[in-house]
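Everything on this sheet refers to the single structure shown next.
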Amino acid sequence: MNDDVQLTRCALRAAHGDRSATETFIRLTQQSVWRMLAHLASRDVADDLTQETYARAFSALSRFRGDSSARTWLLAIARRVAADHLRQRGTRPTLVGSIDWQRRAEQNQPRVPELDEGLALRQAMGSLATERHEAFVLTQITGLSYAEAAQVCGCRIGTIRSRVARARDDLRTALSATTDTDAATR
Amino acid sequence: MTPTPGRVGDDGGMRCDRAREGISALLDSEDPGIDAAVLQRHLASCPGCRRWQDEAARVNRMVRVRSTGPADVTPDLASRLLPQPRGVRRLRPLLRVSLLLVAVVQLTVGVAGLLPPLGGHLFAIGGAHMPGMTGHLGNETAAFNIAIGIALGWIAARPYRAHGPLPLLLAFVVVLAGLSVLDFATGRVGWQRLAVHLPVVAGLVVAAALTRLRPATMPAPEGGATAGEDSEHTVRDEAPSPTSTSPDEPETGRRPPAAWRESA
Ligand SMILES: [Zn+2]
């Protein structure tokens, strides 16, 4: 990928103190970092977690040799920042259990089908197990290939493939349950 | 809802979960990890997996629509993300050490105020010997000086939390400066006594400088990076800073996240 090559060059130049390369590096990456963090953690902490990601990245940049692409290197840091944040927050948010989102869906009268669908999808994604959720976000939202996602997560490609499939299975089950609830309440 | 894990079709015994991994990977144009012909045979013979394929494709469309909508616009944070110049980064530890020293001096001033005037110069500046500053008033002054010393030390230890005590320090120094000028002009106080206030002024200046150089790195347990704006945050979350910087560490987080929790 040409973008990745350019980005990796930017990172290496930034490591040597090149200011404009640093700016380019930020400009080319901040969107996908923010977006990924908004999904892995939540939107309202995405700004802060993005800042934390780049702070860690710049302090570790001198050790970046360009062996992997700068994009996956940076996203791996972002993923760890999100994991640290979730661990530090300590408790799991309550609005992710299946009972809860069913109740939420029922309360949502009158129905706007699209809004309903989006809410159900959010809830379903929120209730995915961490590893499946990560694999799903990296491949479906961030748009990484399985190979890149495997690099970010530090696992094998087959593991990503299996996690994504299981995430899809969980989402499918959760969303068909919403549809059933819809049918039952009508 | 009729998932049939482990069901065997007439395809040489491929399990449904392997087949579904393959189906899922093909949705992403990735290597299915199994022979495509075998997968096709399984699909032809397994209605459960055919249904799974349809539903997975539907989920996929939903995700695509959702994740590219206008609601997913990302902010431009470039100015917050740029690293500080090297010189600035070197200045930080220096300022922190200076602030710590100022804090120690300030604490000494405070503690000295509690001691009875022994005639020694160092102890005499504490304030207890001043006319009208005996008894409880003197203790009160000492307590305040000690508190400020602690606050300065606290800022030195946690510069990213400086926003909390800083307004109080500033207010104190401004009022104190005004009163000092007044008292000095009317001859109610001498240079020697005013010198006692120098540590507070120096502390304020160094603490303010340190705040300006606030590092990007700070703990953000609940969006706490801008915690300076509400002091409630500042006091409440005492959790330690995430300090790991190496991207090579094994991760240990296993907690299910809350996707889009607040955007609903
Ligand atoms: Zn099957």
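Protein chains in written order, with our numbering: chain X, 1 to 186; chain A, 1001 to 1264.
Heads up, the beta-carbon is just placed ideally off N, CA and C, and yes, glycines get one too.
Quick check on Ser69 (chain X) - is its C-beta less than 9 Å from some C-beta in chain A? Numbered from its first residue, the first sequence carries residue 69 (chain X) at position 69. By this cut-off, Ser69 (chain X) is not an interface position.
If the cut-off is 8 Å on Cβ atoms, which residues from the stretch 10-43 of chain X count as contacting chain A, listed in chain order? Gly17, Thr22, Glu23, Ile26, Arg27, Gln30, Gln31, Trp34, Arg35, Ala38, His39, Leu40, Ala41, Ser42 and Arg43
Helix, strand or coil at Ser98 (chain X) [DSSP, three-state]: As a first step, residue 98 (chain X) must be located in the first sequence, where it is residue number 98. Legend: pLDDT at Ser98 (chain X) = 38, less than 50; position of this residue unreliable, no value from coordinates given.
Considering only C-alpha positions, which residue in the set X:Thr142, X:Ala147 and X:Arg163 is nearest to Thr130 (chain X)? The count along the first sequence starts at 1 and reaches residue 130 (chain X) at position 130. Minimum Cα distance to Thr130 (chain X) is reached at X:Arg163.
Going by Cα to Cα distance, which pick from X:Val152, X:Asp170, X:Leu61 and X:Arg156 is closest to Ala125 (chain X)? The residue labelled residue 125 (chain X) in the question sits at position 125 within the first sequence. It should be pointed out that residue 125 (chain X) corresponds to Met in this sequence rather than to Ala. For Met125 (chain X), the nearest C-alpha among the options comes from X:Asp170.
Judging by CA-CA distance, which residue of A:Arg1020, A:Ser1045 and A:Ala1044 is the nearest neighbour of Ile1034 (chain A)? On the second sequence, position 34 is the one that residue 1034 (chain A) refers to. Residue A:Arg1020 is the option with its Cα nearest to Ile1034 (chain A).
Going by C-alpha distance, which of X:Asp47, X:Ala78 and X:Ser176 is nearest Arg56 (chain X)? By one-based count along the first sequence, residue 56 (chain X) stands at place 56. For Arg56 (chain X), the nearest C-alpha among the options comes from X:Ala78.
Just curious, the alpha helix (DSSP H) that Cys10 (chain X) is in, first and last residue? Position 10 of the first sequence, counted from the start, is the residue given in the question as residue 10 (chain X). Note, Cys10 (chain X): alpha helix (DSSP H), Asn2 to Ala15.
Could you check which residue in X:Val33, X:Gln51 and X:Trp73 has the C-alpha nearest to that of Ala147 (chain X)? For the purposes of this step, residue 147 (chain X) is identified with residue 147 of the first sequence, where counting begins at 1. Ranking X:Val33, X:Gln51 and X:Trp73 by Cα distance to Ala147 (chain X) puts X:Trp73 first.
Going by C-alpha distance, which of X:Ala15, X:Glu52, X:Leu128 and X:Gln31 is nearest Phe64 (chain X)? Mapped onto the first sequence, residue 64 (chain X) falls at position 64. Among X:Ala15, X:Glu52, X:Leu128 and X:Gln31, the Cα nearest to that of Phe64 (chain X) is on X:Ala15.
Between the Cα of Arg1092 (chain A) and the Cα atoms of A:Val1105, A:His1042, A:Arg1158 and A:Asp1183, which residue gives the shortest distance? Counting from 1 along the second sequence, the entry for residue 1092 (chain A) is found at position 92. The option with the nearest alpha carbon to Arg1092 (chain A) is A:Arg1158.
Tell me, please, whether the CB atom of Gly1138 (chain A) is closer than 9 Å to any CB atom in chain X? Position 138 of the second sequence holds residue 1138 (chain A). Taking Cβ atoms only, chain X never reaches closer than 9 Å to Gly1138 (chain A), which makes this a no.
What residue does the alpha helix (DSSP H) around Thr139 (chain X) start on, and which one ends it? Locating residue 139 (chain X) in the first sequence gives position 139, counting from the first residue. Note, Thr139 (chain X): premise wrong, no alpha helix (DSSP H); not H, not E.
Residue environment, Pro1083 (chain A), which counts as buried when at least 16 other CB atoms sit within 10 Å: Against the second sequence, residue 1083 (chain A) aligns to sequence position 83. When all chains shown are included, Pro1083 (chain A) counts as buried.
Determine, using beta carbons only, whether Gln6 (chain X) comes closer than 9 Å to chain A. Here the question's residue 6 (chain X) lines up with position 6 in the first sequence. Closer than 9 Å: no.
Once DSSP output is grouped into helix, strand and coil, what is the label at Gly944 (chain A)? Outside the displayed span of chain A (1001 to 1264) sits residue 944 (chain A), for which this structure offers no information.
Identify whether Cys153 (chain X) lies in helix, strand or coil by the three-state DSSP scheme. The sequence position of residue 153 (chain X) within the first sequence is 153, counting from 1. Helix at Cys153 (chain X).
If you draw a straight line from the alpha carbon of Leu1027 (chain A) to that of Arg1066 (chain A), how long is it in whole angstroms? By 1-based counting over the second sequence, the position of residue 1027 (chain A) is 27. By 1-based counting over the second sequence, the position of residue 1066 (chain A) is 66. Leu1027 (chain A) and Arg1066 (chain A): Cα-Cα distance of roughly 17 Å.
List, in order along the chain, the chain X residues whose C-beta lies closer than 7 Å to that of Val1290 (chain A)? With chain A running from 1001 to 1264 in the structure shown, residue 1290 (chain A) is simply not present.
Name the chain X residues that come within less than 7 Å of Pro1062 (chain A), Cβ to Cβ? For the purposes of this step, residue 1062 (chain A) is identified with residue 62 of the second sequence, where counting begins at 1. One point to set straight first is that residue 1062 (chain A) is Met, not Pro, in the sequence displayed. Here the neighbours are Glu117 and Leu121.
Does the beta-carbon of Glu52 (chain X) have 16 or more other beta-carbons within 10 angstroms, so that it is buried, or is it exposed? Numbered from 1 along the first sequence, position 52 holds the residue referred to as residue 52 (chain X). Buried.
Helix, strand or coil: how does DSSP classify Gln30 (chain X) here? Looking up residue 30 (chain X) in the first sequence gives position 30. It is helical.
Would you say Leu1099 (chain A) and Gly1187 (chain A) are within 9 Å of each other, going by their C-beta atoms? The sequence position of residue 1099 (chain A) within the second sequence is 99, counting from 1. The sequence position of residue 1187 (chain A) within the second sequence is 187, counting from 1. No, these two residues do not count as a Cβ contact at 9 Å.
Cβ-Cβ distance between Ala150 (chain X) and Ile157 (chain X) below 9 Å: Taking the first sequence and counting its residues from 1, the one referred to as residue 150 (chain X) is at position 150. Taking the first sequence and counting its residues from 1, the one referred to as residue 157 (chain X) is at position 157. Yes, these two residues count as a Cβ contact at 9 Å.
Using the C-alpha atoms, what's the distance from Val1038 (chain A) back to Arg1050 (chain A)? As a first step, residue 1050 (chain A) is located in the second sequence; it is residue number 50 there, counting from the start. As a first step, residue 1038 (chain A) is located in the second sequence; it is residue number 38 there, counting from the start. If I take the Cα positions, the gap works out to 14 Å.
Proximity of Gly1110 (chain A) and Ile1155 (chain A) at Cβ, strictly below 9 Å: Stepping through the second sequence from its first residue, residue 1110 (chain A) is reached at position 110. Stepping through the second sequence from its first residue, residue 1155 (chain A) is reached at position 155. In this structure, Ile1155 (chain A) does not lie closer than 9 Å to Gly1110 (chain A) by Cβ.
Helix, strand or coil for Ala167 (chain X) per DSSP? Here residue 167 (chain X) is taken as the residue at index 167 of the first sequence, counted from 1. Here Ala167 (chain X) sits in helix by DSSP.
DSSP state of Cys1049 (chain A), grouped into three classes? Here residue 1049 (chain A) refers to the residue found at position 49 of the second sequence. DSSP places Cys1049 (chain A) in helix when its eight states are reduced to three.
Cβ of Phe25 (chain X) within 9 Å of Cβ of Leu49 (chain X)? The residue you call residue 25 (chain X) lines up with position 25 of the first sequence. The residue you call residue 49 (chain X) lines up with position 49 of the first sequence. Result no, Cβ atoms of Phe25 (chain X) and Leu49 (chain X) do not sit closer than 9 Å.
Step through the CB atoms of chain X and report whether any lies within less than 9 Å of the CB of Ile1023 (chain A). Along the second sequence, read from residue 1 onward, the residue named residue 1023 (chain A) stands at position 23. Chain X contact via Cβ: present.
Using a Cβ cut-off of 8 Å, pull out every chain X residue sitting near Pro1075 (chain A), in sequence order please. The sequence position of residue 1075 (chain A) within the second sequence is 75, counting from 1. Ordered by position in chain X, the residues that pass the 8 Å Cβ test against Pro1075 (chain A) are Trp34 and Asp47.
Got a sec: is the Cβ-Cβ distance from Ser98 (chain X) to anything in chain A below 9 Å? Position 98 of the first sequence, counted from the start, is the residue given in the question as residue 98 (chain X). With a pLDDT of 38 at Ser98 (chain X), under the threshold of 50, the modelled position of this residue cannot be trusted, and the question is left open.
Could you give the DSSP three-state label for Ser62 (chain X): helix, strand or coil? Sequence index remark: in the first sequence, residue 62 (chain X) carries index 62 (1-based). DSSP places Ser62 (chain X) in helix when its eight states are reduced to three.
If we cut at 9 Å on Cβ distances, does Leu1091 (chain A) have a partner in chain X? The residue you call residue 1091 (chain A) lines up with position 91 of the second sequence. False, the Cβ-Cβ gap to chain X never drops below 9 Å.
Using 9 Å as the threshold, is the C-beta distance between Arg161 (chain X) and Asp1031 (chain A) below it? The count along the first sequence starts at 1 and reaches residue 161 (chain X) at position 161. The count along the second sequence starts at 1 and reaches residue 1031 (chain A) at position 31. Yes.
Apply the 10 Å Cβ neighbour rule to Val137 (chain X) and answer buried if 16 or more other Cβ atoms are within range, or exposed otherwise. For the purposes of this step, residue 137 (chain X) is identified with residue 137 of the first sequence, where counting begins at 1. Answer is buried; the Cβ neighbour count reaches 16.
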